[in-house]
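Peer 1: Protein chains in written order, with the working numbering: chain A, 1 to 413; chain B, 1 to 413; chain C, 1 to 413; chain D, 1 to 413. Ideal Cβ placement from N, Cα and C applies to all residues, glycine included. Treat the numbers as computed from the prediction; the structure is a model and nothing was measured.
#1: Under 7 angstroms between beta-carbons, which chain B residues line up against residue 28/C? List them in chain order, please.
#2: Provide the residue span of the beta strand (DSSP E) that contains residue 403/A, from first to last.
#3: Taking only beta carbons into account, state which residues of the region 331 to 353 of chain B come closer than 9 angstroms to chain D, listed in chain order.
#4: Indicate whether residue 94/B and residue 139/B have their beta-carbon atoms separated by less than 8 angstroms.
#5: From what residue to what residue does the beta strand (DSSP E) around residue 324/B run?
#6: Check whether the Cβ of residue 192/C lies closer than 8 angstroms to any Cβ atom in chain A.
#7: Taking Cβ to Cβ, would you say residue 233/D is nearer than 8 angstroms to residue 320/D?
#8: Residues of chain A with a CB under 7 angstroms from the CB of residue 61/D: which are they?
#9: Taking a Cβ distance cut-off of 8 angstroms, strictly less, list which residues of the region 141 to 162 of chain D are near chain C, in chain order.
#10: With a cut-off of 8 angstroms, does the C-beta of residue 36/D fall near any C-beta of chain B?
#11: With 16 as the cutoff for other CB atoms within 10 Å, does residue 86/C come out buried or exposed?
#12: Should residue 23/A and residue 61/A be called a contact, given that it needs their Cβ atoms to be closer than 8 angstroms?
#13: Starting from residue 70/A, trace the beta strand (DSSP E) in both directions and tell me its first and last residue.
#14: Could you compute how far the alpha carbon of residue 376/C sits from the alpha carbon of residue 272/C?
#15: Residues of the region 179 to 190 of chain A in Cβ contact with chain C at a cutoff of 9 angstroms, in chain order, please.
#16: Residue 363/B bridges to which residues according to DSSP?
#17: Counting only Cβ pairs nearer than 7 angstroms, list the residues of chain D close to residue 210/C.
#18: Find the nearest neighbour of residue 201/D within the set 373/D, 401/D, 406/D and 19/D, judged by alpha-carbon distance.
#19: Do residue 314/B and residue 408/B have their CB atoms nearer than 8 angstroms?
#20: Is the Cβ-Cβ distance between residue 106/D and residue 357/D less than 8 angstroms?
#21: Which residues in chain D sit within 9 angstroms of residue 223/C, going by Cβ to Cβ distance?
#22: Pop quiz: residue 173/C and residue 53/B are said to be a contact at Cβ under 8 angstroms. What is the actual Cβ separation, rounded to whole angstroms?
#23: Using beta-carbon positions only, say whether residue 48/C and residue 225/C come within less than 8 angstroms of one another.
#24: Residue 346/B: buried (16+ other C-beta within 10 angstroms of its C-beta) or exposed?
#25: Residues bridged to residue 43/A by DSSP?
#26: Would you mind telling me which residues of chain A sit closer than 8 angstroms to residue 220/B, beta carbon to beta carbon, in chain order?
#27: Given residue 58/A, which residues of its chain have a CB within under 8 angstroms of its CB, disregarding the five upstream and five downstream residues?
#28: Helix, strand or coil: how does DSSP classify residue 129/B here?
#29: Compute the beta-carbon to beta-carbon distance between residue 100/C and residue 64/C, rounded to the nearest angstrom, for a pair I have assumed lies under 8 angstroms.
#30: Within 10 angstroms of its Cβ, does residue 333/D collect 16 or more other Cβ (buried), or is it exposed?
#31: With DSSP run on the structure shown, which of helix, strand or coil describes residue 290/D?
#32: Which residue marks the beginning of the beta strand (DSSP E) containing residue 184/D, and which one marks its end?
#33: Among the residues of its own chain, which have a CB less than 8 angstroms from the CB of residue 120/D, if the five just before and after it don't count?
#34: Mind pulling the chain D residues with CB within less than 8 angstroms of residue 216/C?
#35: Identify, in the order they occur along the chain, each residue of the same chain with its Cβ nearer than 7 angstroms to the Cβ of residue 188/B, setting aside the five sequence neighbours on each side.
#36: Among 282/D, 289/D, 219/D and 194/D, which residue has its Cα nearest to the Cα of residue 81/D?
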């Protein structure tokens, strides 16, 4: 059990907000826990720094930032007369602090390549349960808020909805560290406009333009950063190198891996198995960016040509060429490319399976539905932003944009 | 004639961009001219500072800022292989430097209340002609670029179009000084994406999200700042106090006014008259924020109750109540309000004419048409942004939004 | 008496801090009062904008900013266990809100030229007394904190000392708006390090470097902005034009002046007279930047050549040449310059008295003494920063630097 | 040999400066080289992020930033009439781009623990020679500027002196990412004041306050960040864990290490050996943060208790307690602490050698001497800043401040 030491009031320096204060000892002790410290070693944006060199910030920073915003949001809502007890305020803050505990390193990639039956939210819940035990049940309410079972629904929405503290922090932070200043949003203004109506989070009518701006900024970040074609190339290359490593491992080829990585290369668990397999969660808790990237460095010299080639390409940033299109690529074009790859890499085993990627990605800037953003008018009525906006065609923003892409070694590489 | 002194390389400190350098002596001498110095005394946003106290920046700062952006834009275009001679670069820079010379103080208001037959662009042209004579014809090309007669049309578009240096600077600057950080835009990114195709300014395809963001930011600034209802109230009150002053003047009542203001209260000139009436332009050149606001201060003690009441209300910031609506206000509601005003201000002459305002305002975020924003694709094709944007319904943004409002003394005042 | 209206929670947008919240109704009502609204029309830095065009911010903005910092400081001290009642917190906040009420327009200049027997602090006290009556004694404690008679001395130090909220805000704000980014300080960090020991404000030991940086930044702002030689030139020219106006007025020459300005050109009151002369304070309350600068504009056409020449020079920014020296200027050099002025302006009356300025200015970056900055060590001891700093020779910074300067029309003007 | 591809004009997004442009193809090809890409995997500030979580920026970002400043500086000097050929400008830019090539991961620590006979400057020179060969001698002039043999000495000073682009970028960048905003400096202002006199870099007299501020900011960053006591603790723990690993390796105990790390744990080379030992430099080029930190992760389970304990403490951020003092610690106090450690860790081998650290650190904010900062006065004279500053006692800043510290496991851990 964590000891009760005096003077645990800690302040973090944060380039985004200036100062982030830790509100109480329980927060402090959780931050000190190895589960939380691990987030220091998981970059928020995986390989994005290969395109935006500043994007090295971690889920540790993001979690603290989201907690900081939660303190502010709770204060705003209380000042508007919403009843939120001290215990609820603490629990909401803890819920957001812990919301990313279940993230794998290079998560979007690894969720697919390794832990592909399990979402990071499910994993976060598993870790929060463990921590709850460790902290003698003091995280009960936080867990309830996180998983949506707590009666006051708006507290859950502060943690997870289309205008939650998670999104506000990550948009602001990703924009800040990537240097894509166009994606920035005014966290303070947005949060100051929040209110609660019928137990649901709403935005005051005068905040409608800020919400529009938020949606547009999110859309911009998607196309400019999260789905930037070179970032996608790097991520798919990483996915394929891990797929190859897994295939080699499972067919008995030796390759370097940390114990944690080795476990996941060998096994293929779903959430239930993971939950019941005690050491599996321990392995997960030991996995971070260092396991993955260091393995790549080791694999650059492996005798398997595919593994070595892909690893070297990522480490030295010789990334694949990407073609993007609104249409599906013509089969003939694709076949030609594949033939060329087969020829160029004739001494590779199954070259096109690992060196040619054909995928599609989609994004909709706004998702109307159960976690929609509602606008509160002065007469007390609420309305979905897609109705309330007098001009911005948010219903159009809600339509997913699908982009097809193919990805393969640059001719000269 | 301006002397030729050594060391006229001057750098201005600008909170927005850091440093703004004056590129050459001709720029320097123009900045020193009283016509340009007058812009130091004309706030960019008139009475907006009554709502956003930081919005005290002047057309002087804005003109220098737009000139700064022009230097950057010219550099970007030349680096992309566009042919722009040193003389053209200088002329484009001078054209944007001088583009606001014809602004009246509290211009949106005064253009209506005083100089209502004349646009500030027409006046800018008159002043630029005078300066051209003074500088022995050295502003010839700048004037041609400004009025659109210069062959390379894209140079004019840098000065005046939907994505010109004027707009980029004023959005950025107005957002900065008002503190409405949501309205900010990334000038550097936008400009770095500019190019020229078929003698027209275009934006590279990868800049499409930044353009969307620019349009949305502009829209946000319109509703949040430029057409903020309290700002509108202040502006209409100012318009009415000047209307009253003009009426009193023309019916022979004595009231304080600077010589320049007195001239415009008395006369009602159109552009042609102004041009031919030499001293009229001199009077205009003498008119600045001090003439207007100081007159208000003097009028607070005038015996005409309407004049005094409106002046006092502005000076002490006891602004009218504003009601805004998408619909036209019901006649009965309006009549009731007017009756109440007539009763409350029974000792005023024509109370409702000056104390009740009923207007509508409209804004469209984007104007397709001859100065539309075109996107340049990699295959060399260009397309209007409203077609090119795959999701944002810009055609919808192009539809003007009309808002009706009424404005009258607060009950308790 | 101010009415009690609902919903007076107001938030100002501030480019420096983002949002500034008005904590309660009393603050709100005071801000609405014409005495406070007048501060909107008094620029913080007088004519400095002639050198730094962004420096147009007002004492209104500064007063709100300092109030904002006070809220933060009170919160920090309470979190460290200092006992501050809600009433004391409000009073300290009101005291700083009102601390600049007694400032004249272009204050450094006008204090010398017009109200030269009265300090702005004395005038602030007079206004605060009046407001206290108007608000039925609710400003009693605020006044006591302001004038230093309240028992808890550290509250007064928050309002007025070498590390008070006034200085922290003005340094930060002046640096921000002038664009002299080197002068910026970290308000949040500095304030977060404050504590109280023996009823005196102290800085925690780990804040020592931030205090040093604060002192250096202040010094930099002095020499780079407040005592910038062109700013000094403009200020002395303004002082002389007002001296001339006063002399003309008192010798019966007619010249334009607003009633308030006319009063001060005619009379020469000390604090006691001002206090007892009821309308004098009213005149003062009517005086703002518009009275002064508008008068200059009118005087540009006055028949008195000195008055007209100086006025025109300021309005069109044709400022005097300034020479600065650590030594006193040689008499012969000065005499030669004066002779030249007498010759060049032979048709002026007493040319050198108004067109030649010889002054000295001094500044010390740090003032040890009763309001010194004390450092609190972990063992509970406190020490003056000039002793505590292990390396920075703050005692040296305490030695005033004296600079001599002369100022006269540029040869070519 | 690098191919000559079209369109290598690349722009990096940088949160610090906005955009950083790659000036030409040679720069581009060097940046693509694995030697330079390796800098992506070396954090600028080692373990500092354990205290300032944002401080994750890399030497890659810093090198690009310094190159960006160099472009600006060259432009400033040329605008002031200094003759700098296009070739020299390119070479100076390349020299600064490559100046950090020889840095080891966690460099301050590793220079001591592993490569302790070799400075990173010497290593940079070795790598630059190799690159020069690879690029067919095109880096000849860059190398000469870097090592100081190029005739125009001021070019070397831009790369390495007390006011070089290296320092200006790292101060600005470290302040930015650590969030210690007090340490920021105005790069643009400082550089705009540079000039050359007698082939030496000088600062114009009006820049004296900015230089003072720069020195003070650097001092602040030293005590607040670089020598922050918890950072020091982490660094010394890392140093000791590597010392232990080296001792175990050399006495034949097996422990995990990447090939590169293993090489340096086994060998103990000086510069000459490194230069002649071809694969040694290859090993060095393969060493980055991942090798070190991943090894720590693996060692947490090693059977050697010291190795495991120290590794675990760093990975989970359970850092030693640090005591700092201006005086040398009393022997008795130290002996008591050591006895306690010996008792607490009785089953460790040589506990105090690895778990007790006693060191001293020193820093002087300014170093007068051959690379001193000279101020250029208008009369053409130059003077060392320590003489030129009228008040700041820079000679005092030049005196090194020595701090003693001891560092050992916290009682409760």
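Peer 2: To lay it out plainly:
#1: In chain order: nothing, as chain B lies at least about 13 angstroms away.
#2: Taken as a continuous stretch (DSSP letters only), the beta strand (DSSP E) holding residue 403/A covers 401 to 408.
#3: Per Cβ criterion, the list is empty.
#4: For residue 94/B and residue 139/B, yes; Cβs fall inside 8 angstroms.
#5: Residue 324/B: member of the beta strand (DSSP E) spanning 321 to 325, first to last residue.
#6: Yes, contact with chain A.
#7: In terms of Cβ geometry, residue 233/D and residue 320/D form a close pair [threshold 8 angstroms].
#8: Within chain A, the residues near residue 61/D are 53 and 54.
#9: Contacts with chain C (Cβ-Cβ distance below 8 angstroms) from the region 141 to 162 of chain D involve no residue at all.
#10: Output row for residue 36/D: interface = no.
#11: Residue 86/C comes out exposed.
#12: No, they are not a contact pair.
#13: Premise fails: residue 70/A lies in the alpha helix (DSSP H), 59 to 79, not in any beta strand (DSSP E).
#14: The C-alpha of residue 376/C lies about 41 angstroms from the C-alpha of residue 272/C.
#15: So the list reads 186, 188 and 189, given in the order they occur along the chain.
#16: 401/B, per the DSSP bridge assignment.
#17: Contacts between residue 210/C and chain D, judged by CB atoms closer than 7 angstroms, involve 182 in chain order.
#18: Cα-wise, what sits closest to residue 201/D is 373/D.
#19: Not closer than 8 angstroms, so no.
#20: A distance of 8 angstroms or more separates the beta carbons of residue 106/D and residue 357/D.
#21: In chain order: 208 and 209.
#22: Taking a contact as a CB-CB distance under 8 angstroms, the pair residue 173/C and residue 53/B does not count as one, their CB atoms being some 12 angstroms apart.
#23: Yes, the Cβ-Cβ distance between residue 48/C and residue 225/C is below 8 angstroms.
#24: The residue in question, residue 346/B, is exposed, as its Cβ has fewer than 16 Cβ neighbours within 10 Å.
#25: Answer by DSSP bridge pairing, in chain order: 58/A.
#26: Per Cβ cutoff of 8 angstroms: 209, 210, 212 and 213.
#27: Counting only Cβ-Cβ distances below 8 angstroms, and skipping sequence neighbours, we find 39, 40, 41, 42, 43 and 44.
#28: Three-state result, residue 129/B: helix.
#29: With 8 angstroms as the limit, residue 100/C and residue 64/C do not qualify as a contact, their Cβ atoms being about 11 angstroms apart.
#30: Exposed, since its Cβ has fewer than 16 Cβ neighbours within 10 Å.
#31: In the structure shown, residue 290/D sits in a helix (DSSP, three-state: H, G or I).
#32: For residue 184/D, no beta strand (DSSP E) run applies, since DSSP gives it neither H nor E.
#33: Once the five neighbours on either side are set aside, the close Cβ partners of residue 120/D are 100, 102, 103, 104, 107 and 111.
#34: Within 8 angstroms Cβ-Cβ: 212, 213, 216 and 392.
#35: Excluding positions up to five away in sequence, the list is empty.
#36: Among 282/D, 289/D, 219/D and 194/D, the Cα nearest to that of residue 81/D belongs to 194/D.
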